[in-house]
Each structure stands twice: as structure tokens, then as C-alpha cells.
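In what follows, a single structure is set out as C-alpha cells and then discussed.
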Amino acid sequence: MQLGELAGLKPSKPMRDVFGEALLNLARQNSRVVVLDGDLGNSTKAELVRQEFPERFFNIGIAESNLVGIGAGMAACGLIPFITSFSSFLLCNAYDQIRLAVGISNLNAKIVGSHGGITLGKDGPTQMGIEDLALMGGIPTFVILAPSDPASMHRAVQAAADHVGPVFLRSSRIAMPHIYPDDNCPFEIGRANILRQGADLTIIACGMMVAAGLDAAAILSTEGIDARVIDLHTIRPLDRDTIEAAARETGAIVCAEEHLLQGGMGSNVARLVAECCPVPMRFVGLPDIYVESADPDDLLVKYHLTAEDIAAAARQVFSAKRRITL
Amino acid sequence: MTITQAELENLKEKARQIRLDILEMTTRAGSGHPSSSWSATEIVVALYFGAILRHRPNDPWWSERDRFIMSKGHAAPLLYAALAHAGYFDRDELWRLRQIDSPVQGHPVQGLLPGVEATTGSLGQGLSLGIGHVLAGRLTQLNYRVYVLLGDGECEAGQIWESAMAAAHFKTASLTAILDYNKYQETGPISREMALEPLADKWRSFGWHVEEVDGHNISAIIDKLELVQTITDQPSIIIAHTVKGKGVSFVEADYTFHGRALTPEQAVRAREEINAAR
Ligand SMILES: Cc1ncc(C[n+]2csc(CCOP(=O)(O)OP(=O)(O)O)c2C)c(N)n1
Ligand SMILES: [Mg+2]
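Line by line, the protein sequences are chains A and B. Quick note on numbering: our numbering labels position 182 of the first sequence as 182, and the sequence is numbered without any gaps. Quick note on numbering: our numbering labels position 218 of the second sequence as 544, and the sequence is numbered without any gaps.
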């Protein structure tokens with residue numbers, strides 16, 4: 001079963017290709033945009049900018065700390081650097097540079113972590129970005145974005161450039177189906193999108209798991225369960241109003257993300273829900289282990305990141321809610 | 327000690343078999359880094375089969391074993407094939423590369439397979455690990471040597487130069503780095519992407535003993551590996567001049583093969599070329 005198929009979504013191309021195109025569009029519009037690469041432009045697709053604007057493209061090589069430092073220097077001079085690599089190498093090698101030179105300095109630099117999650121698949125755990133949202137969560141000044149489809153990736157790249165300050169943007173190798181029409185994707189930083197109304201429970205997801213969440217809602221509707229689905233494309237700042245309303249109005253929440261459960265989107269949502277309106281919650285994400293090399297689809301099944309898994313969590317949370325309200 | 331012609335022929339045959347296994351593994355997996363693996367095939371053959379490494383495949387964690395650390399972890403297929411041929415595990419395991427529930431990971435994970443000494447795949451880290459092994463051996467009075475295979479693009483990483491400085495500082499004479507100098511990184515020729523030269527001078531100035539060699543000439547590599555064992559007061563690096571994709575002409579000619587498996591059709595041609603080299 002293809003991602004998004006149950007929900008009737010049309011398949012699209014890999015998100016990294018969409019990212020490359022979005023970055024190129026941005027570079028065409030804004031001459032202050034520069035792109036920095038850690039010798040992975042062919043994989044992240046940042047190389048599209050290299051072809052058209054070689055003078056605004058810098059391959060700093062396999063040297064992520066230097067990469068971030070140089071980007072921060074450029075940001076201090078008024079350029080808008082997009083600093084690109086795999087999220088694993090970039091964040092894990094250059095965390096202090098991201099923290100100090102960008103985060104504490106509150107500079108207008110954009111960190112793009114490509115190949116987020118486990119769906120890069122066969123290259124295995126050393127290359128997977130299963131902890132990127134948690135790591136970025138540790139740097140308070142960063143806006144954290146995880147778009148879910150081609151249109152939202154385009155909007156996210158634009159929003160990252162428009163926002164003055166540090167932004168982290170997650171990109172992926174996997175293809176995510178079209179959720180939004182190309183010309184009509186609302187995208188405001190800190191404002192979640194409600195994709196499907198529903199009264200029985202809410203599925204809050206980001207990235208690839210949004211399409212899986214819509215699939216899960218389709219499964220649940222055949223069972224008479226009416227799920228709300230929210231695309232939480234901004235992990236920081238969290239959309240307090242939308243999350244609080246979901247808790248109040250539906251009384252049960254499932255969070256789904258392609259990330260460690262520890263420190264990810266779900267744990268942030270849970271903190272907010274616990275404060276404003278505690279309701280039963282369940283979490284779909286990665287447990288405390290490293291995932292092995294394999295075909296992405298095999299991994300998603302083995303590590304319980306499918307629509308079926310979200311639906312199962314939804315049934316649980318729905319019955320927990322009924323036990324409470326009875 | 328120079329090896330005999332017959333021994334050399336055996337080693338060349340071993341290199342040929344390992345090249346074929348790398349092709350088979352990555353083609354079946356549909357992904358991986360064959361060109362980076364072929365580049366260093368003779369180096370790894372010299373280490374494992376040229377009587378350089380003192381090791382016991384049936385006792386893989388023997389405390390006095392010489393260590394081999396594959397710092398350029400994306401050449402995992404080469405490491406796995408060499409370990410299988412050396413008898414660390416069944417050769418059939420190779421065909422499970424990158425499959426679910428398999429220990430034959432896309433990049434090496436320490437201890438998942440016997441003989442895999444270190445987790446690598448994020449570049450730049452292997453030399454530091456090697457220094458750690460040397461210093462630990464010193465403290466525990468175990469006599470072993472440590473070999474670390476580096477990529478040339480990998481030498482852009484700051485940690486390489488931190489470890490280069492530390493190795494000389496600690497006079498880690500039992501540490502030998504071998505640099506797979508194939509002149510290409512992922513996105514292009516190194517000379518275009520980053521000024522790595524003068525490379526030998528850089529290592530010398532960091533306090534290393536430097537040798538250079540044709541990285542596909544097995545007997546020359548063995549000679550250098552034996553020579554550096556006589557250096558007693560500083561770490562050594564053997565800069566091996568190599569060809570990325572060595573053995574398959576259309577891969578040698580196209581650096582965009584980095585990180586790509588061959589299609590089944592390309593694999594047929596590659597197999598013919600590797601076989602013809604016999
Ligand atoms: C820290 C880090 N950054 C980026 C990468 C992605 N990457 C994998 S292989 C490679 C190129 C390596 O070039 P080189 O060291 O010359 O090895 P070769 O394949 O040429 O033998 C890159 C950039 C990585 N594995 N680790
Ligand atoms: Mg190279």
C-alpha cells in the first residue's frame with residue numbers, strides 16, 4: 001500500500017528534489033540567499049543552485065563545523081545562508097557551532113537537515129536523522145519546520161527565508177504524496193493546518209507521518225471513528241491554540257512522527273496538552289534503539305510507523321477517552 | 327621480505343574475487359558504494375592476505391590482534407568481503423547487505439559482525455579511534471599495531487587534523503594510516519572542491535612519517551607496510567595513489583557513480599571486465 005493511497009492522495013517525487021527546486025526558486029528571487037554544502041549537494045539537491053548560481057554556492061567539503069561557522073559569518077554580514085547537509089552529519093558534527101555561532105548569536109541563518117528520519121533506509125543508522133528535532137529543540141532560538149508534502153516544502157523554504165532569525169528545516173529522501181494543491185497551501189510559521197475535521201480524537205503529525213495520519217483517518221472512518229488530522233509543520237513555536245482546541249473538542253490525541261519518541265514533536269505537544277487540557281494521548285515514533293539498514297518500507301513496518309499503527313494507537317486512545325468520560 | 331611471484335598471483339586473484347563480491351553485494355542491495363570499495367581493494371587485500379595483520383578470524387576479539395579500522399565507512403562492502411574471505415563469517419552473509427534484520431549494515435557497526443572494529447560512516451572519526459587503541463595497548467602492555475584506512479575527501483574533516491596532531495604528540499609509532507588518494511570526493515574532483523594539496527607535506531609537518539605508493543600494486547603496498555613497521559618514534563601514513571572505481575572502466579571514468587550501485591545490465595559488463603583482468 002502506498003503512502004497516502006487510502007486517503008486518495010496523489011504520489012509525488014522525493015522531497016529532496018522538491019527542496020532543491022524550492023531553494024533554486026528562492027535563489028532566483030533573492031540575491032542575498034547563498035547556499036552552503038557539505039559535499040552532499042547531489043544528495044540534498046542543493047546542487048540545483050550550484051548549476052545556476054555558482055557564485056552563490058559554496059561547497060565547504062566534509063567539514064560540517066567549518067560549514068556552519070562560515071555560514072554564520074555570512075549571516076552576520078547580511079546574507080541569508082542556507083546551510084545544507086544530512087541532518088545527522090550537520091547537527092551531530094556541528095552542534096556547538098549551530099548553538100553558539102547561530103543560536104546564541106540569534107543570526108539569520110537557515111540549517112537544512114536533509115535525509116531526516118529513517119526513510120533514507122539502506123545507508124543505515126550512522127546516516128539517519130532520528131534525533132534532529134530533539135537536538136534542535138535544545139537550541140531555544142531556532143524555529144523548527146518539518147513540511148509534509150511538495151507544496152508545503154515550497155512554502156516552508158520561503159517562510160524560512162522570510163523569517164528573520166535561526167530556522168531549522170527538515171528535508172527527506174522519501175517521496176511524500178500531495179496533501180495540498182500546489183497553489184493553495186497555507187503555511188504560517190507557528191500555525192498548524194487542520195486537514196480533516198473530526199470529533200472523536202485528533203491525530204497530530206509532521207513530515208511523512210501526515211499522509212500516514214490521513215490514511216489512518218480513512219481506516220478509522222470505516223469503523224465509525226471520526227478523526228481530526230493536524231499537520232504540525234512547525235515544531236517550534238508550537239501552535240498552542242490549535243492543539244488546545246483539539247484536546248478540548250476531541251478529548252484524545254495521537255502524535256505521529258518519523259523521529260525518536262524521546263524529545264520529538266510528540267513530547268512537546270504532550271507538555272502543552274498536560275498544561276492546558278490533559279487528555280489521553282498515544283505516541284507513534286521510534287523507541288530507544290538504533291534502526292538498521294534496510295528498505296524504507298520494510299523499516300516502516302518493522303518499527304511501527306504505518307497508517308495501521310496510527311490507527312491502532314487511535315483506537316486505544318479513543319477507548320481510553322471513553323473510559324474516562326463514562 | 328619480498329613476496330614470491332606465486333604469492334603475488336594469489337593476492338591478485340583474491341583482489342579479483344573481492345571486487346566481484348563487492349559488485350554482487352551492492353548490485354543485489356541496489357545501493358551502496360562500489361566505486362569507493364574498488365578504490366581500496368588492493369590496500370585491504372595487502373593488509374588481510376599479505377601477512378601484515380596478525381589476527382585470528384576464529385578468535386576475532388583476541389586482545390592482541392592487530393586492528394583494522396575502516397574510517398571511510400562507506401567502503402563497508404570491501405571490509406565485509408575481506409572479512410568473509412578471511413574466514414570471520416560465512417560468505418553467504420554478504421548477500422544480506424542492507425537487508426532488514428541483517429548484521430551486514432550499509433555502514434559498519436562495531437561488533438555486529440566479527441571483525442568489525444568500529445562504527446563508521448560519519449567521516450573523520452577513525453583515526454582518533456585508532457589512537458585510542460594504541461594508547462590502550464600501551465597501558466595494558468599488549469603489543470599490536472593499528473591500521474586506519476582514510477579517504478582523501480575525508481581529510482577535509484577537522485577531526486582528522488586533530489587526530490594527526492595528537493598521534494604525533496603521543497608518538498604512536500604502531501599507528502599506520504593508509505590514505506586512499508583517489509582524487510575524488512562525493513560531489514566532484516577534490517582539486518575543484520577543496521585545496522588538499524600539498525598533502526604529503528601537511529602530514530609531514532604534523533609530525534608523521536610519510537610514504538607514497540601506487541595503491542593498486544599489491545607487492546609495493548606490502549613493502550611499504552613492512553617498511554613503516556621499522557619507524558619507531560612517530561606515526562606513519564602511506565599515501566596510496568588510487569583510481570576510484572578501479573577495475574571497471576566506465577565507473578573509473580564517471581565520478582557520479584559515487585554512492586551508486588550498478589544496474590544489473592551495468593553489472594554484467596563490470597563482471598566481464600573484472601574477470602578479463604585475470
Ligand atoms: C561527516 C560526514 N559528512 C558527509 C558524509 C557523506 N559522504 C559519504 S562518502 C562522502 C565522500 C567521501 O569522499 P572520500 O573520503 O574521498 O572517499 P571515496 O569515496 O572517494 O573513497 C561523503 C561526503 C559523511 N559520510 N560523513
Ligand atoms: Mg576519494
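Ideal Cβ positions, reconstructed from N, Cα and C, are used throughout, including at glycine.
Where does residue i fall in DSSP's three states?
i	result
Tyr-303 of chain A	coil
Pro-360 of chain B	helix
Leu-40 of chain A	coil
Arg-422 of chain B	helix
Ile-289 of chain A	coil
Gly-571 of chain B	coil
Pro-11 of chain A	coil
Gly-450 of chain B	coil
Gly-585 of chain B	coil
Thr-325 of chain A	helix
Asp-540 of chain B	strand
Leu-214 of chain A	helix
His-433 of chain B	coil
Gly-413 of chain B	coil
Pro-515 of chain B	strand
Ile-89 of chain A	This sequence places Phe at residue 89 of chain A; Ile is not what is there. Helix.
His-528 of chain B	The sequence given here places Lys at residue 528 of chain B; His does not occur at that position. Lys-528 of chain B falls in the helix class under three-state DSSP.
Asn-30 of chain A	coil
Thr-353 of chain B	helix
Could you tell me whether the Cβ atoms of residue i and residue j are closer together than 7 Å?
i	j	result
Ala-72 of chain A	Leu-107 of chain A	yes
Cys-277 of chain A	Arg-248 of chain A	yes
Ala-254 of chain A	Ile-179 of chain A	Inspection of the sequence shows that residue 254 of chain A is occupied by Val rather than by Ala. Contact: no.
Val-143 of chain A	Ile-189 of chain A	yes
Ile-564 of chain B	Glu-523 of chain B	no
Ala-161 of chain A	Ile-80 of chain A	yes
Leu-195 of chain A	Val-229 of chain A	yes
Gly-20 of chain A	Leu-67 of chain A	no
Thr-119 of chain A	Thr-84 of chain A	no
Val-49 of chain A	Leu-9 of chain A	no
Ser-397 of chain B	Leu-476 of chain B	yes
Gly-573 of chain B	Trp-364 of chain B	yes
Ala-341 of chain B	Val-371 of chain B	yes
Ala-566 of chain B	Val-539 of chain B	yes
Ile-235 of chain A	Asp-200 of chain A	no
Ala-245 of chain A	Pro-280 of chain A	no
Ala-27 of chain A	Phe-53 of chain A	yes
His-542 of chain B	Glu-368 of chain B	yes
Tyr-581 of chain B	Tyr-510 of chain B	yes
Gly-263 of chain A	Gly-137 of chain A	yes
Ala-294 of chain A	Gln-425 of chain B	yes
Gly-113 of chain A	Arg-170 of chain A	yes
Ile-111 of chain A	Phe-58 of chain A	no
Pro-386 of chain B	Gly-441 of chain B	yes
Leu-588 of chain B	Ala-579 of chain B	no
Compute the beta-carbon to beta-carbon distance between residue i and residue j, rounded to the nearest angstrom, for a pair I have assumed lies under 8 Å.
i	j	result
His-233 of chain A	Ser-172 of chain A	Not a contact, Cβ separation roughly 13 Å.
His-433 of chain B	His-459 of chain B	About 19 Å separates the two Cβ atoms, so there is no contact after all.
Ser-500 of chain B	Arg-471 of chain B	5 Å
Ala-75 of chain A	Ala-211 of chain A	At roughly 34 Å, the Cβ-Cβ gap does not stay under 8 Å, so Ala-75 of chain A and Ala-211 of chain A are not in contact.
Gly-41 of chain A	Glu-482 of chain B	With 8 Å as the limit, Gly-41 of chain A and Glu-482 of chain B do not qualify as a contact, their Cβ atoms being about 14 Å apart.
Asn-268 of chain A	Leu-238 of chain A	6 Å
Met-208 of chain A	Ile-174 of chain A	6 Å
Leu-420 of chain B	Pro-429 of chain B	Not confirmed; about 11 Å, so no contact.
Leu-214 of chain A	Ala-314 of chain A	About 12 Å separates the two Cβ atoms, so there is no contact after all.
Ala-216 of chain A	Ala-307 of chain A	4 Å
Pro-292 of chain B	Thr-498 of chain B	Here chain B comprises residues numbered 327 to 604, so residue 292 of chain B is not present and cannot be evaluated.
Thr-496 of chain B	Ile-457 of chain B	For the record, residue 496 of chain B in the displayed sequence is Phe; it is not Thr. Right, their Cβ atoms sit about 7 Å apart.
Pro-150 of chain A	Ser-31 of chain A	Not confirmed; about 25 Å, so no contact.
Glu-512 of chain B	Gly-484 of chain B	18 Å between Cβ atoms; not a contact.
Ser-357 of chain B	Lys-122 of chain A	5 Å
Leu-344 of chain A	His-259 of chain A	One cannot answer for residue 344 of chain A here, as it falls past the ends of chain A, which runs 1 to 326.
Ala-412 of chain B	Tyr-473 of chain B	14 Å between Cβ atoms; not a contact.
Leu-337 of chain B	Gly-376 of chain B	6 Å
How about residue i: is its C-beta nearer than 7 Å to some C-beta of chain E?
i	result
Lys-45 of chain A	Protein chains in the displayed structure are A and B, and chain E is not among them.
Inset, instruction - Determine contact between the region 345–355 of chain B and the region 374–385 of chain B, defined as no fewer than three beta-carbon pairs at a distance below 8 Å. - result: No, they do not touch.
Inset, instruction - Could you tell me whether the region 109–127 of chain A touches the region 89–101 of chain A, where touching means 3 or more Cβ pairs closer than 8 Å? - result: yes
Legend entry - Closer than 5 Å to ligand 2: residues, by C-beta to nearest heavy atom, in chain order: Those residues are B:Gly-477, B:Asp-478, B:Gly-479, B:Asn-508, B:Tyr-510, given in chain order.
Inset, instruction - Specify whether the region 487–496 of chain B and the region 544–552 of chain B touch according to this definition: at least 3 beta carbon pairs, one from each stretch, less than 8 Å apart. - result: no
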